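Engineer: I have a structure here, written as structure tokens, and I will follow up with some questions on it.
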Amino acid sequence: HQTVRKAVIPAAGLGTRFLPATKAMPKEMLPVVDKPAIQYVVEEAVKVGLNDILMITG
Numbered sequence: 054h055q056t057v058r059k060a061v062i063p064a065a066g067l068g069t070r071f072l073p074a075t076k077a078m079p080k081e082m083l084p085v086v087d088k089p090a091i092q093y094v095v096e097e098a099v100k101v102g103l104n105d106i107l108m109i110t111g
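Position one of the sequence shown corresponds to residue 54 (the numbering used here), numbered consecutively onward.
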């Protein structure tokens, strides 16, 4: 039984389905309530104890 300690977060792509919002910023940085969408993903990974986070950006 091995414990998961790493997270791989896919954050690549142009976000064309979110146009025109993604014309000025990447889709991962679009605000959701009060912070960027990607921040929620990273915070959840940290909360469950993942200590190595790899973000694939393109």
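Note that beta-carbon positions come from the ideal geometry of N, C-alpha and C, so glycine has one too.
All values derive from a computational prediction rather than experimental measurement.
(1) Exposed or buried, which one is Glu97 when buried takes at least 16 other CB atoms within 10 Å?
(2) Based on the DSSP output, what are the partners of Pro67 in its beta bridges?
(3) Label Lys80 either buried or exposed according to how many other C-beta atoms from any shown protein chain fall within 10 Å of its C-beta, with 16 as the threshold for buried.
(4) Look at the Cβ atom of Ile109, then the Cβ atom of Val95, and state whether they are nearer than 8 Å.
(5) Taking 6 Å as the limit between beta carbons, can you name the residues of its chain near Ala60, skipping five residues before and five after?
Structural biologist: Short version:
(1) exposed
(2) The sequence given here places Leu at residue 67; Pro does not occur at that position. Answer by DSSP bridge pairing: none, since Leu67 is not bridged.
(3) buried
(4) no
(5) Ala98, Leu103 and Ile106
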